[in-house]
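Chemist: Below are the structure tokens for one structure; questions will follow.
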């Protein structure tokens, strides 16, 4: 599938390049991976490296300016696609976009009350541990959040498997909260 797609990519006609980019908005297709949340990261990395090696701009140094520019665009697309699929939050957002499920993550922050209370408690524990410079408390909090994050990833995967995109969106927002809190604990 890659040879067919990429042969057309490096032709001189700009319409071929436009068609390539417009059809490749699905990053799973680009790496020939199934459209699912849970993916084999080793396979993703292997395919990324193979494609990046084959289509790296340095390989087109002796080609026309158009082909050089196309190679650069393609390399950028591969990098963006890899970064997206390699990150669980970005991958979930991409999957929801592919099924045309509205994200509106910045405006729709509605979460179950129990989750919000848990987040407030965790934030209070974080502030107290930082205020008292309690390294053990920070480490325990980090591990607690890490466990919550792992459970949320499993719930997110299950929601995608059940094609329950509203629930997947809720779990995605929870994962985003936990990810930000985990960063705050690390700092």
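In the numbering used here, the protein residues as written are -12 to 174. Glycine included, every Cβ here is placed at the ideal spot set by N, Cα and C.
Compute the Euclidean distance between the alpha carbons of residue 43 and residue 15, then round it to the nearest angstrom.
Modeler: Residue 43 and residue 15: Cα-Cα distance of roughly 20 Å.
Chemist: With respect to the alpha helix (DSSP H) encompassing residue 31, which residues constitute its N-terminal and C-terminal limits?
Modeler: First-last of the alpha helix (DSSP H) with residue 31: 28 to 41.
Chemist: Ends of the alpha helix (DSSP H) at residue 82?
Modeler: Its alpha helix (DSSP H) spans residues 75 to 85.
Chemist: Quick one: any contact between the region 87 to 103 and the region 55 to 65, if contact means 3 or more CB pairs under 8 Å?
Modeler: No, they do not touch.
Chemist: Measuring only the C-alpha atoms, how far is residue 148 from residue 48?
Modeler: Spanning the two alpha carbons is a distance of roughly 44 Å.
Chemist: Specify the secondary structure class of residue 96 as computed by DSSP and reduced to three states.
Modeler: Here residue 96 sits in coil by DSSP.
Chemist: Should residue 40 be labelled buried (16 or more other beta-carbon atoms within 10 Å of its own) or exposed?
Modeler: Exposed, since its Cβ has fewer than 16 Cβ neighbours within 10 Å.
Chemist: Select from 144, 172 and 150 the residue whose C-alpha is nearest the C-alpha of residue 76.
Modeler: Taking only the C-alpha atoms, the option nearest residue 76 is 144.
Chemist: Residue 36 to residue 12, Cα distance in whole Å?
Modeler: Roughly 19 Å between the two C-alpha positions.
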